[in-house]
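Numbering (full-length UniProt numbering), first residue to last: 1 to 332. All C-beta atoms in this analysis are idealised placements derived from N, C-alpha and C, irrespective of residue type, glycine included. All of these numbers come straight from a predicted model, not from anything done at the bench. Note sheet for the following structure.
In structure tokens:
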């Protein structure tokens with residue numbers, strides 16, 4: 001469950017970074033000062049349109065790894081426009097069932113993806129995506145899908161407007177003894193939406209984030225500035241849990257650096273796993289790479305032996321770095 005968006009991706013966007021005061025590798029919600037960026041990149045750049053939204057990317061990655069059609073269902077809110085149909089078609093192509101709530105007369109959300117070198121800066125206007133209504137989860141079409149799911153995943157971006165819906169799913173998962181996963185998604189979620197994050201974290205069985213998000217979370221929660229990523233992961237793993245009998249797993253990615261995994265419980269020490277590293281000249285861009293990792297990790301979660309999951313799923317992560325059309329890349 002997350003924010004369905006159509007990515008508007010442009011390359012060599014240094015001028016846009018300077019004009020709109022954007023960081024080269026960041027993700028933000030568009031303010032009034034950013035609203036002209038969408039028309040400006042249409043006028044000045046050649047745009048590649050890509051079905052996006054972080055959780056939707058993860059859903060498509062999970063479907064790619066799991067293979068059975070419609071074994072992955074994605075819920076979010078879209079407008080009544082052609083952008084929504086593009087997203088629906090992309091999901092269908094990759095075997096993801098779309099359980100969209102449609103807001104008549106509204107526009108589907110969009111994300112300006114400004115690429116500079118290997119970096120990407122994301123500027124999102126949510127539009128219909130932030131109009132998701134919790135009642136959609138109990139609708140006749142969607143309720144059976146929610147009840148029948150074995151794994152639940154919510155993107156952190158969704159917490160900016162949909163924390164009640166996220167809690168609805170989290171509590172259902174806890175009551176049924178099923179797995180609930182959350183992605184930190186972006187540093188600003190950890191910095192400015194700590195209250196919402198704190199409401200959901202007690203229900204989280206699997207928490208995924210990258211090193212920047214983990215570091216910002218640590219600062220926002222009073223950890224020392226020199227706290228290591230392993231210690232941050234361990235702290236997150238051992239936060240209070242609604243159902244302590246279910247172990248929490250925290251996964252922190254670090255780009256080409258090793259992936260860190262921590263589990264709750266005394267005597268559990270964080271471990272690190274090497275990545276499948278591409279040469280710099282093989283990297284096209286990093287947009288969506290973390291989403292691919294998250295989707296692949298969740299798709300491979302059911303096996304009893306999970307020690308090799310981070311290593312094997314880094315193949316999916318690396319495949320996404322190799323180009324926009326990641327969905328056609330075979331997975332080892």
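Original post:
Curious, which full-length beta strand (DSSP E) runs of at least 3 residues does the region 184 to 220 contain?
Top reply: Listed in chain order, the complete beta strand (DSSP E) runs (minimum 3 residues) inside the region 184 to 220 are 206 to 210.
Original post:
Going by DSSP, what residues sit across from residue 73 in a beta bridge?
Top reply: Taking the first residue of the chain shown as 1, we reach residue 73 at position 73. Its beta-bridge partners are 97.
**OP:** Run the CB neighbour count on residue 70, radius 10 Å, all protein chains shown included, and call it buried at 16 or more, exposed below.
**Re:** Start at 1 with the first residue of the chain shown, and residue 70 comes out as number 70. Residue 70 comes out exposed.
**OP:** Check residue 227 in the structure and name its three-state DSSP category.
**Re:** Here residue 227 corresponds to residue number 227 of the chain shown, with the count starting at 1. Reduced to three states, the DSSP call for residue 227 is coil.
Subject >> Limits of the beta strand (DSSP E) - the one that residue 27 falls within >> reply: Working through the chain shown from its first residue, we reach residue 27 at position 27. Note, residue 27: beta strand (DSSP E), 26 to 29.
Original post:
Beta carbon of residue 286, beta carbon of residue 88: below 8 Å?
Top reply: As a first step, residue 286 is located in the chain shown; it is residue number 286 there, counting from the start. As a first step, residue 88 is located in the chain shown; it is residue number 88 there, counting from the start. Not closer than 8 Å, so no.
**OP:** State yes or no: is the C-beta of residue 211 within less than 8 Å of the C-beta of residue 116?
**Re:** For the purposes of this step, residue 211 is taken as the residue at position 211 of the chain shown. For the purposes of this step, residue 116 is taken as the residue at position 116 of the chain shown. By the CB criterion at 8 Å, residue 211 and residue 116 fall outside the cutoff.
**OP:** Identify whether residue 7 lies in helix, strand or coil by the three-state DSSP scheme.
**Re:** For the purposes of this step, residue 7 is taken as residue 7 along the chain shown, with counting starting at 1. In the structure shown, residue 7 sits in a strand (DSSP, three-state: E or B).
Subject >> For residue 45, three-class secondary structure by DSSP >> reply: Here residue 45 is taken as the residue at index 45 of the chain shown, counted from 1. Per DSSP, reduced to three states, the secondary structure at residue 45 is coil, with no helix or strand assignment.
Subject >> is_contact[residue 162, chain B] using C-beta, thresh 8 Å >> reply: In the displayed structure, chain B is absent; only one protein chain is listed.
Original post:
What residue ranges within the region 115 to 167 form continuous beta strand (DSSP E) runs of no fewer than 3 residues, ordered along the chain?
Top reply: Within the region 115 to 167, the complete beta strand (DSSP E) runs of at least 3 residues are 119 to 125, 151 to 155.
Subject >> As assigned by DSSP and simplified to three states, the class of residue 265 >> reply: Start at 1 with the first residue of the chain shown, and residue 265 comes out as number 265. Taken through DSSP and simplified to helix, strand or coil, residue 265 comes out as coil.
Original post:
Thinking just about the alpha-carbon of each residue, which of 126, 59, 97, 266 is nearest to the one in residue 183?
Top reply: Along the chain shown, one-based indexing puts residue 183 at 183. Closest option to residue 183, Cα to Cα, is 59.
**OP:** Please name the residue in 293, 204, 53 whose C-alpha comes closest to that of residue 122.
**Re:** Mapped onto the chain shown, residue 122 falls at position 122. Comparing alpha-carbon positions, the option among 293, 204, 53 lying closest to residue 122 turns out to be 53.
**OP:** Check residue 303 in the structure and name its three-state DSSP category.
**Re:** Position 303 of the chain shown, counted from the start, is the residue given in the question as residue 303. In this prediction, residue 303 has a pLDDT of 46, which is less than 50 and means its spatial position is unreliable; nothing more can be read from the coordinates.
Original post:
Between residue 272 and residue 259, is the Cβ-Cβ spacing less than 8 Å?
Top reply: As a first step, residue 272 must be located in the chain shown, where it is residue number 272. As a first step, residue 259 must be located in the chain shown, where it is residue number 259. Contact annotation: residue 272 and residue 259 have beta-carbon atoms nearer than 8 Å.
Subject >> Whether residue 128 touches residue 103 by CB criterion (8 Å) >> reply: Along the chain shown, one-based indexing puts residue 128 at 128. Along the chain shown, one-based indexing puts residue 103 at 103. In this structure, residue 128 lies near residue 103, with their beta-carbon atoms less than 8 Å apart.
Original post:
Rounded to the nearest angstrom, how far is the Cβ of residue 191 from that of residue 136, given a contact under 8 Å?
Top reply: Along the chain shown, one-based indexing puts residue 191 at 191. Along the chain shown, one-based indexing puts residue 136 at 136. The pair is not a contact, with the Cβ atoms about 29 Å apart (cut-off 8 Å).
Original post:
Are there three or more Cβ pairs, one per stretch, closer than 8 Å when the region 22 to 30 is compared with the region 81 to 100?
Top reply: Counting Cβ pairs under 8 Å, fewer than three are found: no touch.
Subject >> Terminal residues of the alpha helix (DSSP H) in which residue 19 lies >> reply: In the chain shown, counting from the first residue as 1, residue 19 sits at position 19. Segment 14 to 19, the alpha helix (DSSP H) holding residue 19.
**OP:** Indicate whether residue 1 and residue 225 have their beta-carbon atoms separated by less than 8 Å.
**Re:** Numbered from 1 along the chain shown, position 1 holds the residue referred to as residue 1. Numbered from 1 along the chain shown, position 225 holds the residue referred to as residue 225. Not closer than 8 Å, so no.
Original post:
Quick one: what's residue 232 bridged to in DSSP?
Top reply: Mapped onto the chain shown, residue 232 falls at position 232. According to DSSP, residue 232 shares a beta bridge with no other residue.
**OP:** Please report how far the alpha carbon of residue 202 lies from the alpha carbon of residue 131, in whole angstroms.
**Re:** For the purposes of this step, residue 202 is taken as the residue at position 202 of the chain shown. For the purposes of this step, residue 131 is taken as the residue at position 131 of the chain shown. Using only the alpha carbons, I get a separation of about 25 Å.
Original post:
If you draw a straight line from the C-alpha of residue 222 to the C-alpha of residue 93, how long is it?
Top reply: Translated into positions along the chain shown, residue 222 becomes position 222. Translated into positions along the chain shown, residue 93 becomes position 93. Their backbone Cα atoms lie some 45 Å apart in a straight line.
**OP:** Determine the extent of the alpha helix (DSSP H) in which residue 65 is found, giving its start and end residues.
**Re:** Here residue 65 is taken as the residue at index 65 of the chain shown, counted from 1. Per DSSP, residue 65 belongs to the alpha helix (DSSP H) from 54 to 66.
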